[in-house]
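Residue numbers (the working numbering): 134 to 465. The structure under discussion appears below in the form of structure tokens.
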Ligand SMILES: [Zn+2]
């Protein structure tokens, strides 16, 4: 079983004989991009130049076009593959399965010539992610430590809406998060009927347009670089501005600020400054969610991803101890 899956020193997830997910590997002809987060697009340029083909969902392809420019993916042989559509590659079959994470995220299932089912979960939140039964699983380990259990079951969406509404009574509100999750926060506010202008910088705007094209409803967005956008930002609201977490310093520093992050376990919302809050909206499973996935998938072997951030060694140990299933973290 161990020869059928692995994780390379550079973060490539190996499934079967041909597939490398989420990082480049020179020996693997088929590169899969499970979603458009940067730690899953490693060595993409090399893959485009050297792999026989690259496979991703249509939404992931559109998101990469928005983030990297429309010419970038044209360097290689890119194939869009819908969820559940089988793709034969030599003597193996591959399928992408839905994962609840950011738009376009896929789990990857490879079935080899011997009928062994080999799965990479990629990043996922268990809530709406269908569990895939497999013999071997490679799994994310972001919250792989037993201390990473969310101790609250408050409705985070409602909490977020009321926090933003409180802020809007005082003036503008700035929301900081990551691509994909920012758009989730827009959708939550739009669905809750928050109808102030949403102001966004260019990259967030492009990603948002792709999300809308793939069915998300985000409301009316205004570019921060247009005359109207600039005037509104100067005018002092009310509006909600959405920025990438990387711009947290230097943007909207005096305004009411909400940072949306998954790394919160004790409470759903925490005040960190006079007008600044951290909200625990995660697009990853907590420790219990990871274990539950393994339990329901019933694999013979679990490899935890020790390349990306998280607690892969501890998770492997807990899977062995609590579920009695063979597990190890890779790379060692
Ligand atoms: Zn991710």
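Yeah, the Cβ is synthetic: ideal placement off N, Cα and C, and Gly gets one too.
Quiz item: What span of residues does the alpha helix (DSSP H) with residue 183 cover, start to end?
Solution: Position 50 of the chain shown, counted from the start, is the residue given in the question as residue 183. For residue 183, the enclosing alpha helix (DSSP H) has its first and last residue at 177 to 183.
Quiz item: Can you give the Cα-Cα distance for residue 270 and residue 439, rounded to whole angstroms?
Solution: Taking the chain shown and counting its residues from 1, the one referred to as residue 270 is at position 137. Taking the chain shown and counting its residues from 1, the one referred to as residue 439 is at position 306. Approximately 14 angstroms, taken between the alpha carbons.
Exercise. Could you tell me which uninterrupted alpha helix (DSSP H) segments, each at least 4 residues in length, are contained entirely in the region 376 to 461, listed from first to last along the chain?
Key: Counting whole runs of 4 or more residues, the region 376 to 461 contains the alpha helix (DSSP H) stretches 420 to 430, 445 to 451.
Exercise. Under the assumption that residue 410 contacts residue 315 (Cβ atoms under 8 angstroms), give the Cβ distance between them as a whole number of angstroms.
Key: For the purposes of this step, residue 410 is identified with residue 277 of the chain shown, where counting begins at 1. For the purposes of this step, residue 315 is identified with residue 182 of the chain shown, where counting begins at 1. The Cβ separation is near 16 angstroms, so there is no contact.
Exercise. Return yes when the Cβ of residue 245 is within less than 7 angstroms of the Cβ of residue 139, no when it is not.
Key: The residue labelled residue 139 in the question sits at position 6 within the chain shown. The residue labelled residue 245 in the question sits at position 112 within the chain shown. No, the pair does not count as a contact, with Cβ atoms beyond the cut-off.
Quiz item: Going by DSSP, which residues form a beta bridge with residue 116?
Solution: Lying before the first or after the last residue shown, residue 116 is absent from the chain, which here runs from 134 to 465.
Quiz item: Is the beta carbon of residue 268 sitting closer than 7 angstroms to the one on residue 249?
Solution: The residue given as residue 268 occupies position 135 in the chain shown. The residue given as residue 249 occupies position 116 in the chain shown. Yes, Cβ-Cβ distance for residue 268 and residue 249 is below 7 angstroms.
Quiz item: Bridge partners of residue 186, per DSSP?
Solution: Residue mapping note: residue 186 aligns to position 53 of the chain shown, counting from 1. 163, per the DSSP bridge assignment.
Quiz item: Going by beta carbon distance, what residues of the same chain come within less than 6 angstroms of residue 191, once the five residues before and after it are set aside?
Solution: Counting from 1 along the chain shown, the entry for residue 191 is found at position 58. The answer, listed in chain order, is 213.
Quiz item: Shortest alpha-carbon distance to residue 155 belongs to which of 178, 136, 134?
Solution: Counted from its first residue, the chain shown places residue 155 at position 22. Nearest C-alpha to residue 155: 178.
Quiz item: Would you call the region 300 to 315 and the region 222 to 229 touching, i.e. three or more CB-CB distances under 8 angstroms?
Solution: No, they do not touch.
Exercise. Using only alpha-carbon positions, find the residue among 174, 222, 223, 217 that is nearest to residue 205.
Key: On the chain shown, residue 205 is found 72 positions in, with the first residue counted as 1. Of the candidates 174, 222, 223, 217, the one whose C-alpha sits nearest the C-alpha of residue 205 is 174.
Practice problem: Starting from the Cα of residue 134, find the closest Cα among 464, 434, 442, 450 and give me that residue. | Solution: As a working note, residue 134 is residue 1 in the chain shown. Nearest to residue 134 by alpha-carbon distance, out of 464, 434, 442, 450, is 434.
Quiz item: Thinking C-alpha only, which one of 252, 198, 159 is nearest residue 437?
Solution: By 1-based counting over the chain shown, the position of residue 437 is 304. Looking at the Cα atoms, 252 is the closest of the given residues.
Quiz item: Looking at the structure shown, is residue 306 part of a helix, part of a strand, or coil, going by DSSP?
Solution: Locating residue 306 in the chain shown gives position 173, where the first residue counts as 1. Residue 306: strand per DSSP, three-state reduction.
Exercise. Could you tell me the boundaries of the beta strand (DSSP E) in which residue 244 lies?
Key: To locate residue 244, count along the chain shown from 1; it is residue 111. 239 to 244 is the span of the beta strand (DSSP E), which, as asked, contains residue 244.
Exercise. Sort 340, 216, 185 by Cα distance to residue 195 and report the nearest one.
Key: Residue mapping note: residue 195 aligns to position 62 of the chain shown, counting from 1. With distances taken between CA atoms, residue 195 lies nearest to 340 out of 340, 216, 185.
Quiz prompt | Opening and closing residue of the beta strand (DSSP E) in which residue 332 lies | solution = Position 199 of the chain shown, counted from the start, is the residue given in the question as residue 332. 331 to 333 is the extent of the beta strand (DSSP E) around residue 332.
Quiz item: Which residue comes first and which comes last in the beta strand (DSSP E) that contains residue 169?
Solution: Locating residue 169 in the chain shown gives position 36, counting from the first residue. Per DSSP, residue 169 belongs to no beta strand (DSSP E) and is neither H nor E.
Quiz item: Going by the C-beta, is residue 155 closer than 6 angstroms to any heavy atom of ligand 1?
Solution: Along the chain shown, read from residue 1 onward, the residue named residue 155 stands at position 22. No - ligand 1 has no heavy atom lying nearer than 6 angstroms to the Cβ of residue 155.
Self-check item: Residue span of the beta strand (DSSP E) that contains residue 138, given as start and end
Solution: Counting from one through the chain shown, the residue named residue 138 turns up at place 5. From DSSP, the beta strand (DSSP E) with residue 138 extends over 138 to 140.
Quiz prompt | Nearest-angstrom Cα separation, counted from residue 378 out to residue 329 | solution = Taking the chain shown and counting its residues from 1, the one referred to as residue 329 is at position 196. Taking the chain shown and counting its residues from 1, the one referred to as residue 378 is at position 245. Looking at the two C-alpha atoms, the distance is approximately 22 angstroms.
Quiz item: Pick out every residue whose C-beta is nearer than 5 angstroms to a heavy atom of ligand 1: which are they, in chain order?
Solution: Counting every residue whose Cβ lies closer than 5 angstroms to a heavy atom of ligand 1, we get 170, 256.
Quiz item: Is the distance from the Cβ of residue 233 to the Cβ of residue 258 below 7 angstroms?
Solution: Locating residue 233 in the chain shown gives position 100, where the first residue counts as 1. Locating residue 258 in the chain shown gives position 125, where the first residue counts as 1. Yes, these two residues count as a Cβ contact at 7 angstroms.
Self-check item: Within 7 angstroms, strictly: CB atoms of residue 430 and residue 294
Solution: Indexing the chain shown from 1 puts residue 430 at position 297. Indexing the chain shown from 1 puts residue 294 at position 161. Not in contact: residue 430 and residue 294 (Cβ atoms no closer than 7 angstroms).
Quiz item: On the three-state DSSP scale, how would you describe residue 337?
Solution: As a working mapping, residue 337 is identified with position 204 in the chain shown. Three-state result, residue 337: helix.
Practice problem: Output yes or no for whether 7 angstroms exceeds the beta carbon distance between residue 243 and residue 152. | Solution: Within the chain shown, the letter at position 110 stands for residue 243. Within the chain shown, the letter at position 19 stands for residue 152. Contact flag set, yes.
Quiz item: What do you get for residue 386, buried or exposed, if any count of 16 or more other CB atoms within 10 angstroms of its CB means buried?
Solution: Here residue 386 refers to the residue found at position 253 when the chain shown is read from its first residue. Looking at its Cβ environment, which holds fewer than 16 other Cβ atoms inside 10 Å, residue 386 is exposed.
Practice problem: Kindly indicate the opening and closing residues of the beta strand (DSSP E) around residue 153. | Solution: Within the chain shown, numbered from 1, the residue matching residue 153 stands at position 20. It spans 152 to 154 - the beta strand (DSSP E) in which residue 153 sits, taken as one unbroken run.
Practice problem: Return the CA-CA distance between residue 142 and residue 165, expressed in angstroms with no decimal places. | Solution: Position 9 of the chain shown, counted from the start, is the residue given in the question as residue 142. Position 32 of the chain shown, counted from the start, is the residue given in the question as residue 165. If you take the alpha carbons of residue 142 and residue 165, they lie about 17 angstroms apart.
Practice problem: Have a look at residue 159 and residue 170 and give me their C-alpha separation to the nearest angstrom. | Solution: The count along the chain shown starts at 1 and reaches residue 159 at position 26. The count along the chain shown starts at 1 and reaches residue 170 at position 37. A straight-line Cα-Cα distance of about 22 angstroms links residue 159 and residue 170.
Practice problem: Decide if residue 326 is buried, meaning its Cβ has at least 16 other Cβ atoms within 10 Å, or exposed. | Solution: Counting from 1 along the chain shown, the entry for residue 326 is found at position 193. When all chains shown are included, residue 326 counts as exposed.
Quiz item: Nearest-angstrom Cα distance between residue 238 and residue 216?
Solution: As a working note, residue 238 is residue 105 in the chain shown. As a working note, residue 216 is residue 83 in the chain shown. Answer to the nearest angstrom: the Cα atoms are 10 angstroms apart.
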